[in-house]
Amino acid sequence: MENDVVRAFVRALELAHPHLEGHSERVASYAVAIGCELGLSKATLRALRLAAALHDIGMLGLPDELLTVAPLTPQQRIQIQEHPRLSVLLVSRIHRFKDLSLWIECHHERWDGTGYPHGWRGEQIPLPARVLAVAEAFDGMRTETPYRPALSEQQAVEAIHQGAGTLFDPRVVQAFLKVQPVLQPVGRE
């Protein structure tokens, strides 16, 4: 049942926003690989996979034009930054997923406190959310958007490496760098 609900949410997101096709699955795959390298428990890894699959579900609550136009106005950027909270509104309604809410809400927090929605820094950010941040950023960099072309794999790896200690938890980046050479880019050619 749990997986059916997740698949339905993800499929609805991909139908509404085709440019996100495969994103949730790739982020889940990358996050679990990073989590394994960090030694997270099997239960945490299972929950991390679910949180990764559902992290952008709040995009369903955004107007289509926000995800297809560039450049964004400051007001449009603020609207997009609401998607983690919208994701939490959807996910927290399902009792089995309530525990994932904080991780999903914090996947755009940054190690140095410059992220959103809370501006949390360092260890204030739950470790699974820090893992999601790296996994999501890597896949996002590798995907073409209306705002910019996709980066090469090497460019994306370098950007993640450069973000260690500012954007990303250095320990999570080190785990990513160890597993990245063997990551399977699900749904990407």
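Using the numbering used here, the first residue of the sequence shown is number 1285, and each one after it goes up by one.
For each residue, glycine too, the CB sits at the ideal point set by N, CA and C.
Span separating the alpha-carbon of residue i from that of residue j
| i | j | result |
| --- | --- | --- |
| residue 1453 | residue 1417 | 9 angstroms |
| residue 1435 | residue 1441 | 9 angstroms |
| residue 1389 | residue 1368 | 5 angstroms |
| residue 1385 | residue 1359 | 25 angstroms |
| residue 1456 | residue 1345 | 30 angstroms |
| residue 1308 | residue 1316 | 12 angstroms |
| residue 1299 | residue 1347 | 14 angstroms |
| residue 1303 | residue 1421 | 15 angstroms |
| residue 1467 | residue 1391 | 20 angstroms |
| residue 1444 | residue 1342 | 24 angstroms |
| residue 1327 | residue 1364 | 31 angstroms |
Whole-number beta carbon distance between residue j and residue i, since they are thought to touch under 8 angstroms
| i | j | result |
| --- | --- | --- |
| residue 1394 | residue 1451 | 5 angstroms |
| residue 1286 | residue 1380 | 6 angstroms |
Proximal residues to residue i (C-beta, below 8 angstroms), its chain only, five neighbours per side dropped
| i | result |
| --- | --- |
| residue 1465 | none |
Proximal residues to residue i (C-beta, below 7 angstroms), its chain only, five neighbours per side dropped
| i | result |
| --- | --- |
| residue 1318 | 1415, 1418, 1419, 1456, 1459, 1460 and 1463 |
Complete runs of the alpha helix (DSSP H) confined to the segment 1390 to 1447 [at least 4 residues]: With a minimum length of 4 residues, the unbroken runs of alpha helix (DSSP H) contained wholly in the segment 1390 to 1447 fall at 1411 to 1425 and 1437 to 1446.
Stretch pair the segment 1322 to 1334 + the segment 1347 to 1360: three plus CB contacts closer than 8 angstroms: Touching, no, given that fewer than three Cβ pairs across the two stretches are closer than 8 angstroms.
Stretch-stretch touch, CB-based, cutoff 8 angstroms, three pairs: the segment 1417 to 1428 with the segment 1364 to 1382: No, the segment 1417 to 1428 is not in contact with the segment 1364 to 1382.
Sequence ranges, alpha helix (DSSP H) only - wholly within the segment 1289 to 1352, length at least 4: With a minimum length of 4 residues, the continuous alpha helix (DSSP H) runs that stay inside the segment 1289 to 1352 are 1307 to 1321 and 1326 to 1338.
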